[in-house]
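Counted from 1, the sequence shown has number 117 at position 52 by this note's numbering; the numbering is strictly sequential.
Think of the CB as a built atom: it goes at the ideal place given N, C-alpha and C, for glycine as much as any other residue.
Working notes, beginning with the structure itself.
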Amino acid sequence: DRSASTRRSLYAALKDVFACAVTDGLLASNPMQQVKRPSTAYREPRMATSEEVQALLNETKGHHWWPTLLVIATTGLRRGEALGMTWDELDLDAGLLHIRQQVTRTSQGLNLTQPKTRSAIRTVHLSAPVIQELRAHRKRQSEARLRVGELWKDLDLVTTTDLGGMVEPRNWNRWIEKGVKQAGLPDIASHALRHHFVTRGVHEGISAVDVSKVVGHSSPAFTLNQYAHAVEEGQRRAVESVARSLGLGS
Numbered sequence: 066d067r068s069a070s071t072r073r074s075l076y077a078a079l080k081d082v083f084a085c086a087v088t089d090g091l092l093a094s095n096p097m098q099q100v101k102r103p104s105t106a107y108r109e110p111r112m113a114t115s116e117e118v119q120a121l122l123n124e125t126k127g128h129h130w131w132p133t134l135l136v137i138a139t140t141g142l143r144r145g146e147a148l149g150m151t152w153d154e155l156d157l158d159a160g161l162l163h164i165r166q167q168v169t170r171t172s173q174g175l176n177l178t179q180p181k182t183r184s185a186i187r188t189v190h191l192s193a194p195v196i197q198e199l200r201a202h203r204k205r206q207s208e209a210r211l212r213v214g215e216l217w218k219d220l221d222l223v224t225t226t227d228l229g230g231m232v233e234p235r236n237w238n239r240w241i242e243k244g245v246k247q248a249g250l251p252d253i254a255s256h257a258l259r260h261h262f263v264t265r266g267v268h269e270g271i272s273a274v275d276v277s278k279v280v281g282h283s284s285p286a287f288t289l290n291q292y293a294h295a296v297e298e299g300q301r302r303a304v305e306s307v308a309r310s311l312g313l314g315s
């Protein structure tokens, strides 16, 4: 029995193959247009711990995609948003990232598209260590571009293939999976870093309004509903903190 992700991958591959056959005149129509895309049963995402996120960052450091992983871990960006970052959208002097596009896969291949919701189009702040890493990454990328010359595909992307092209989201997932395995960690998907960011933010007392704006949720209510467990833990910590400030307990 194949996993849901494998079935969806096979569906996408077959659809692309038949689309090429139609283009080449071998078929009149794409039979996969009549086939329903395999659905995914909802599964509560596993929450990665801070120690696990740190271990993954340590294991993957040195790879040219690592700065993007660091951005995801510290801002909660979606995978497509992170892969769609451009240098033009980064203001490293001000420490700001303007999110205006994302990498998506369609039947025509990889594309840069506008986020689906207005709330996803946003500006987020970057921490000083992340800014430093991005500056160093930009320098290394410029050197790589010079080495390959005219073969470089100039899309102004922060995260690229060896020749400057868009990174296939599935290849990004495979890279994460490899890092997780090499670090000896339990199953952690790329999206788990986003969940970790939201959970930690709420735990640290950041308002749902601010967290919602940073990660591009449709509303603070959505954040509170989806992360009710984190809100409850944050409330517990708040009560204990006030008690300690009054000299009660340890």
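Under 8 Å, with one C-beta from each stretch per pair, do the stretch 228-243 and the stretch 120-134 reach the 3-pair mark? yes
In terms of residues, what are the limits of the beta strand (DSSP E) holding residue 139? First-last for residue 139: 131-140, but that is the alpha helix (DSSP H), not the beta strand (DSSP E).
Residues bridged to residue 250 (per DSSP): The partner list for residue 250 (beta bridge, DSSP) is empty, contrary to what the question assumes.
Residue 152 classed as buried or exposed, judged by whether at least 16 other C-beta atoms fall within 10 angstroms: exposed
Which value, in whole angstroms, describes the spacing of the CA atoms of residue 66 and residue 143? Because residue 66 carries a pLDDT of 41, less than 50, the predicted location of this residue cannot be relied on, and no value is offered for it.
Which word fits residue 273, buried or exposed, when buried means at least 16 other C-beta atoms lie within 10 angstroms of its C-beta? buried
Let me know the secondary structure DSSP gives residue 98 once reduced to three states. helix
Rounded straight-line distance, which links the Cα of residue 234 to that of residue 82: 19 Å
Outcome for residue 259 when other beta-carbon atoms lying within 10 angstroms are tallied against a minimum of 16: buried
So for residue 164, helix, strand or coil by DSSP? strand
Based on Cα-Cα distance, which residue from 313, 227 and 185 lies nearest to residue 279? 185
Does the distance from the C-beta atom of residue 200 to that of residue 157 stay below 9 Å? yes
So, helix, strand or coil for residue 189, using DSSP? strand
Cutoff 7 Å; reference residue 147; Cβ partners in own chain excluding five residues on either side: 133, 136, 137 and 224
Do residue 230 and residue 210 have their C-beta atoms within less than 9 Å of each other? no
Residue from 122, 149, 249 and 292 with nearest C-alpha to residue 265: 292
Residues near residue 120 by beta carbon distance below 7 Å, same chain, minus five either side: 248 and 250
How would you write the range of the alpha helix (DSSP H) that residue 175 sits in, first residue to last? Residue 175 -> not in any alpha helix (DSSP H); beta strand (DSSP E) instead, spanning 174-178.
Looking at the structure shown, is residue 311 part of a helix, part of a strand, or coil, going by DSSP? coil
Residue 80 beta carbon less than 9 Å from that of residue 172: yes
Beta-carbon within less than 7 Å of residue 170's beta-carbon, same chain only, minus the 5 sequence neighbours each way: which residues are those? 234
Among 222, 99 and 205, the one whose alpha carbon lies nearest that of residue 154: 222
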